[in-house]
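K.L.:
Quick one: the structure is below, and I'll ask about it shortly.
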Amino acid sequence: MLSDSLGKIKAIVGANWGDEGKGKITDIMAADADIVVRFQGGSNAGHTILNQYGKFALHQLPSGIFNENTVNVIGNGCALNLEYLEKEIAKVMEGAPNLKFNLMIDARVPLVLPHHILLDELEEVRRGDRQFGSTKAGIAPFYSDKYLKECIQINEIFHDEHLQYRLKHLYERVNLTLQGVYNAEPMDYMDVYARIMRFKDFIQTHMADASSYLRKSWQEGKNILMEGQLGALRDVGMGIYPYVTSSHTLAGFAAIGAGVPPYAITDILAVTKAYSSCVGASPFVTELFGEEAEELRRRGGDAGEYGATTGRPRRVGYFDAVATRFGAECQAATELALTGLDVLSYLDEIPVCVAYEINGIQTKDFPAPSLLDSAKPVFETLPGFKQEIRHIRKFDDLPENAKNYVRFIEKQVGLPIAVLSNGPKREEIVEL
């Protein structure tokens, strides 16, 4: 029988292509959270945090890591690159040397191994001009191995004979692929074993049955945040396939990737920007080009629109209500967070994509991926607010046209905006 005082589990996820500003929103909400959980993805994408310690791009660490009272969990749905995590922790400690953080890694988390990264690199080269724009973090080969039931989980590190046996037979298959498909040198499984075992003490310190801990914490009334990577349009099932990541980016997967009951996740906050941006190849209906794009990119965020992981210039465009509504529905969002409203303050007029035209027919429904290349945006133009707004902290103090823009997005997407961000810093939030 469940307790009458169950905790609250909220998922913070992306409504679009990723890069929506989820890191800042999670960082803010972590102040009131007992636990923050990363439930999917790996080092292939990052969340940018700007706080009292400086600017950080978090890739595998949960965004609550700077709150010393928060337990930060890497859930079983993640792709854990230990060598990258070591560097990431070192970078955090370099900027915040006195930070005492709580990190828990689920015993069922599988490892990204050296061959995953190598295969990712080799496959992008083989594809030539048909590349997906991979970050070469090994994510697709990793998830391929996961569903082939070939991955190594961190709990296996403590069973030496078993681990060597698993690695030996794994690399028999890997080497057939390296040599036969890519004409590359084979890998020695014992070298990989040695690289893994270097982290044995670290894993022993941080490994736990995190899913059991989370279920118990929920039953005890704890406040838990689930942090998603990327956005709905990059989900391997519902996204713009094949221009997707290899994991499920939807809030529904948080139940699996963290090991909690689906019905325990009662609040889902979908984050979207006041304009559109994405990194990497894919159809992008509202994309801008030339000087118009460069101006928006230059003004975006704290240092412009450049990927937290890749450093690549993000593709940018005006707000896409069709894609955002679809993404929010896929996320089963209960509310929205709107970020980057301040970025639009230079525009005399602000176009919003309210429909697509496909083969001469207008639709407000997001189509199957194969139709996106032929989709043309249908814009409705709103008057700009032409005023610096980063200093404003109350919604009623915003320029009237800025308030109208926010309300227009609420109406188009069909969800209330619960969080409004008007700058990259933690304190740049407008009270609604």
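For what it's worth, this note's numbering labels the leading residue of the sequence shown as 763, then goes sequentially.
Built from N, CA and C at the ideal position, the CB exists for glycine as well.
Among residues of its own chain, excluding the 5 on either side of I879, which ones have a beta-carbon nearer than 6 Å to its beta-carbon?
P.N.:
Hits under 6 Å: G900.
K.L.:
Shortest alpha-carbon distance to H968 belongs to which of L1050, N834, P1178?
P.N.:
Closest option to H968, Cα to Cα, is N834.
K.L.:
Bridge partners for G803 per DSSP, in chain order?
P.N.:
G803 is bridged to C840.
K.L.:
For my contact list, G1089 and A994 are in at a C-beta cut-off of 8 Å; report their separation, rounded to the angstrom.
P.N.:
About 4 Å; that satisfies the 8 Å criterion.
K.L.:
From what residue to what residue does the alpha helix (DSSP H) around D882 run?
P.N.:
That run of the alpha helix (DSSP H) goes 876 to 889.
K.L.:
Quick check: what's the CA-CA separation for G1185 versus L1103?
P.N.:
Spanning the two alpha carbons is a distance of roughly 8 Å.
K.L.:
Per DSSP, what kind of secondary structure is M763 in: helix, strand or coil?
P.N.:
Confidence is the limiting factor: at M763 the pLDDT is only 47, short of 50, which leaves the residue's position unreliable and the question unanswerable from this model.
K.L.:
Count the other C-beta atoms from every protein chain shown that fall within 10 angstroms of the C-beta of M763, then say buried if there are 16 or more, exposed otherwise.
P.N.:
In this prediction, M763 has a pLDDT of 47, which is less than 50 and means its spatial position is unreliable; what the coordinates show is noted afterwards. Exposed.
K.L.:
Note down, one range per segment and in chain order, each alpha helix (DSSP H) of at least 4 residues found wholly within the region 898 to 945.
P.N.:
If we require 4 residues or more, the alpha helix (DSSP H) runs fully inside the region 898 to 945 come out as 901 to 909, 922 to 944.
K.L.:
Quick one: what does DSSP say V1022 is sitting in, helix, strand or coil?
P.N.:
It is coil, neither helix nor strand.
K.L.:
On the DSSP bridge assignment, give the partners of K1128 in chain order.
P.N.:
It should be pointed out that residue 1128 corresponds to Phe in this sequence rather than to Lys. DSSP, once it has assigned bridges, lists no residue as partnering F1128.
K.L.:
Does the Cβ-Cβ distance between A1013 and Q1093 come in under 8 Å?
P.N.:
It is a contact, given that the beta carbons lie within the stated cut-off.
K.L.:
Using the three-state DSSP reduction, which class does I1002 fall into: helix, strand or coil?
P.N.:
Coil at I1002, not helix or strand.
K.L.:
Can you give the Cα-Cα distance for P1129 and S973, rounded to whole angstroms?
P.N.:
C-alpha separation (whole angstroms): 36 Å.
K.L.:
In its own chain, which residues sit with a C-beta less than 7 Å from the C-beta of A1017, not counting the 5 before and 5 after it?
P.N.:
P1023, P1024, I1027.
K.L.:
Below 7 Å CB to CB, which residues in the same chain sit around A1164 once its five sequence neighbours on both sides are set aside?
P.N.:
The residues are L1103, F1147, I1151.
K.L.:
Measuring CB to CB, does I1030 end up less than 8 Å from A1099?
P.N.:
No.
K.L.:
With DSSP run on the structure shown, which of helix, strand or coil describes S973?
P.N.:
In this structure, S973 counts as helix in the three-state DSSP scheme.
K.L.:
With the cut-off set at 8 Å, would you say F1170 and V1192 are in Cβ contact?
P.N.:
Cβ atoms of F1170 and V1192: not closer than 8 Å.
K.L.:
Which first and last residues belong to the beta strand (DSSP E) in which V1114 is found?
P.N.:
First-last of the beta strand (DSSP E) with V1114: 1111 to 1120.
K.L.:
May I ask you to list the residues that DSSP assigns as paired with S1039?
P.N.:
Paired residues: V1078.
K.L.:
For G1001, which residues from the same chain have a beta carbon less than 6 Å from its beta carbon, with the 5 sequence-adjacent residues on both sides left out?
P.N.:
So the qualifying residues of the chain are L995.
K.L.:
Quick one: Cα of I771 to Cα of W980, how far?
P.N.:
In a straight line, the C-alpha of I771 is about 7 Å away from that of W980.
K.L.:
Once you ignore the five residues that flank E1057 on each side, which residues in its own chain have a CB closer than 8 Å to its CB?
P.N.:
Hits under 8 Å: Y1108.
K.L.:
In whole angstroms, what is the alpha-carbon distance linking H821 and Y975?
P.N.:
Cα to Cα, the separation comes out at about 23 Å.
K.L.:
Tell me which residues share the same chain as V1078 and place their Cβ nearer than 8 Å to its Cβ, disregarding the 5 neighbours each side in the sequence.
P.N.:
Y1037, S1038, S1039, E1049, L1050, A1055, L1058, R1059, G1062, E1067, listed in sequence order.
K.L.:
Taking only the alpha-carbon atoms, compute the straight-line gap between I811 and F828 and give it to the nearest angstrom.
P.N.:
Rounded to whole angstroms, I811 to F828 spans 9 Å at the Cα level.
K.L.:
Please state if the CB of Q802 and the CB of T1011 are separated by a distance shorter than 8 Å.
P.N.:
Yes.
K.L.:
With a threshold of 16 other CB atoms inside 10 Å of the CB of M952, please say whether the residue is buried or exposed.
P.N.:
With fewer than 16 Cβ atoms within 10 Å of its Cβ, M952 is classed as exposed.
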